[in-house]
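Residue numbering for the sequence shown follows the numbering used here, beginning at 19 and increasing consecutively.
Glycine is no exception: its CB is placed at the ideal position from the N, C-alpha and C atoms.
Okay, structure first, notes after.
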Amino acid sequence: MLGKEGDAGMDLGRLGVWVPTDRLDTTGLRALLHLVEQKGYGTVWYPEARGYESMALAGFLLANSTKLVIGSSIANIYARDAFTARRALATLNALHGGRFALGLGVSHIPMVEGLRGHQYEKPVPAMRAYLDGMRKAGEGAPEGPVLLAALGPKMLALAAAQSDGAVPYNVTPEHTRQAAQILGPDKILAVEQKVCVETDKARARALGRQELARYMTLPNYVNNWLRLGFTEDELKDGGNDRFIDAMVLSGDAETVKQGLRAHFTAGATHVCIQPVTEEGDARHRDAMLAALADT
């Protein structure tokens, strides 16, 4: 079982930062890494979308930091075969002091079929087969943690059985509670949470809707929000206020911290915050990271 070969004991720290890396050039990435490390966050998480390739980017982020764990959230399983993923995990940890966590996900139909030209398979069987391939690709000493982008109960059960944990995205503390129960006490549960330290609620919600728009048409997220009790009406037209407030914690810093702590109370082992700002507003982003670092 891959989970037994991995390293669920890697210290991600209490808090991490989720970074939309495709929006940043090398100067911006280095500046953000420096700030995140300076403020005491444990991990930087990054996606794989239309820009930077995941493993090459991980090498850059590791080379330009000293203590941070760098985690893919997520590397698309359709972007490289299982053998390559296993060797990338081993290579990055061997060359960078064991600071890389491999988060894997099935991504979404537009990113798989429309962008890459692959056939999108049923998510759980596809991930199970991929993990089987990774297991066959390596033997011996642990090479680093493998985590799954798991939202539904079946993918969470697979994460519990065959990986070191889960990296849920666009979720609520109720989902965190359910995920923690399925994963059990010995797994990593690293939860992403969007935040906006902004006391003007209308402005915060407008920023939230702008940030969430790209996710509102993706069935994997929509189905999970419906499972969590949001209604189809609440998800229409960019999402109603209740939905937006759940997805993007807003208010003053202490109010946002309370929302982050709710994930820990629900069973998260690590929470990675994603600041939501106007496009390119590094000053607001950095102020949020400074204000929330002691959550």
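Check	Outcome
Pick helix, strand or coil for GLU216, following the three-state DSSP scheme.	strand
Taking just the CA atoms, how far does HIS281 sit from HIS302?	24 Å
When DSSP labels each residue in this structure, what does HIS52 get in the three-state scheme?	helix
If distances are taken between C-alpha atoms only, which option among HIS52, ALA103, MET173 and ALA305 comes closest to SER83?	HIS52
Do you know how far the Cα of LEU236 is from the Cα of ASP304?	29 Å
Counting C-beta neighbours from all protein chains within 10 Å, is the total for ASN188 16 or more, i.e. buried, or is it exposed?	buried
Assuming the contact rule is C-beta atoms closer than 8 Å, ILE95 and ARG117 should be a hit. Round their C-beta distance to whole Å, please.	Their Cβ separation, rounded to whole angstroms, is 22 Å, which puts ILE95 and ARG117 out of contact at 8 Å.
What span of residues does the beta strand (DSSP E) with SER268 cover, start to end?	266-269
What is the residue span of the alpha helix (DSSP H) that ALA147 lies within?	141-154
Buried or exposed: THR283, going by 16 or more other Cβ atoms within 10 Å of its Cβ?	exposed
Please tell me whether GLU252 and TRP63 are closer than 9 Å, where the distance is taken between their beta carbons.	no
Please name the residue in ARG32, GLY123, GLU192 and ASP40 whose C-alpha comes closest to that of GLY247.	GLU192
With distances taken from CA atoms, which of GLY256, LYS219, GLU297 and GLY226 is nearest ASP270?	LYS219
On the three-state DSSP scale, how would you describe GLU210?	strand
Note down, in chain order, each residue of its chain lying with its Cβ closer than 8 Å to the Cβ of LEU310, except the 5 sequence neighbours on either side.	LEU33, VAL213, VAL215, ALA271, VAL274, LYS275, LEU278 and ILE291
When burial is assigned at 16 or more other CB atoms within 10 Å of the CB, is PRO171 buried or exposed?	exposed
Identify the residues that DSSP records as bridge partners of GLN228: which are they?	In the DSSP output, where bridge partners are listed per residue, GLN228 has none listed.
Report the three-state DSSP secondary structure of ASN238 (helix, strand or coil).	helix
For the beta strand (DSSP E) that contains LEU33, what are its first and last residues?	33-36
Would you kindly work out how many angstroms separate the C-alpha atoms of MET28 and ALA168, rounded to a whole number?	19 Å
Spatial neighbours of PRO141 within its chain, please: CB distance less than 7 Å, with the 5 preceding and 5 following residues excluded, ordered by chain position.	VAL124 and MET173
Could you check where the beta strand (DSSP E) with PHE118 kicks off and where it finishes?	118-123
If you compare alpha carbons, which of GLY256, GLY58 and ASP99 is closest to LEU86?	GLY58
Reducing DSSP to helix, strand and coil, say where LEU42 ends up.	coil
Relative to the C-alpha of VAL35, which candidate in ALA264, ASP299, GLY202 and THR61 has its C-alpha closest?	THR61
Rounded to the nearest angstrom, how far is the Cβ of GLY121 from that of VAL185, given a contact under 8 Å?	4 Å
For ARG195, which residues of its own chain have a beta-carbon under 7 Å away from its beta-carbon, when the five flanking residues on both sides are left out?	ALA284 and GLY285
Over the uninterrupted alpha helix (DSSP H) stretch that includes SER72, give me the two end residues.	72-81
Whole angstroms are fine: how far does the CA of SER72 sit from the CA of GLU250?	33 Å
Compare the Cα-Cα distances from ASP255 to each of GLY226, ALA81, LEU267 and LYS205 and report the closest residue.	GLY226
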